[in-house]
Amino acid sequence: MKQKILFTVAVLLMAVGLSFGQQQRGGRGFGTPEENAKRTTERLAEQLKLSKAQQDSVYAYTLEQGKAMQQAFQANQNADRQQMMGKMRALREETDEKIRAVLDDSQKKAFEKMREEQASRMRQGGRRGGGSGNNG
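Structure below.
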């Protein structure tokens, strides 16, 4: 049960954070939807050179996504992993589409490259512990 909750929280963080760059400030902690939206907006603003209006839009979209994911997680704590991942993926894709709509062509290209790099890291299993050592 604990492992299922940890996995779901990890998926939530990954999706909400749109964690481009794998750089974690201050170590760990999942944060609130507001904190995650702020972090995501700051990261995208820096990497994509967003205008103030674009930053405001990205913040609103990622905050909406974070709140929706939080509600979905709370309402479906006993849902199977695949079902939960599907919901999280759909929310993330919806948010990505909204973000793309406010980007110019060069920003869209950079955004797509960032998403591809993130997907590649995810397929490789990320960098989460993983060794065959003991857990003690």
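In our numbering, the protein residues as written are 27 to 162.
For glycine and all other residues, C-beta sits at the position ideal for the given N, C-alpha and C.
Rounded to the nearest whole angstrom, the C-alpha separation of glutamine 91 and lysine 64 is 12 Å.
Contact between lysine 124 and tyrosine 87 holds: their C-beta atoms lie close to 4 Å from each other, under 8 Å.
Threonine 58 is not a Cβ neighbour of valine 84, given a cutoff of 8 Å. Methionine 114 places its beta carbon less than 8 Å from that of methionine 95. In chain order, Leu70 and Val84 place their CB closer than 7 Å to the CB of leucine 76, counting only its own chain and leaving out the 5 sequence neighbours on each side. Where leucine 89 is concerned, the enclosing alpha helix (DSSP H) starts and stops at 78-101.
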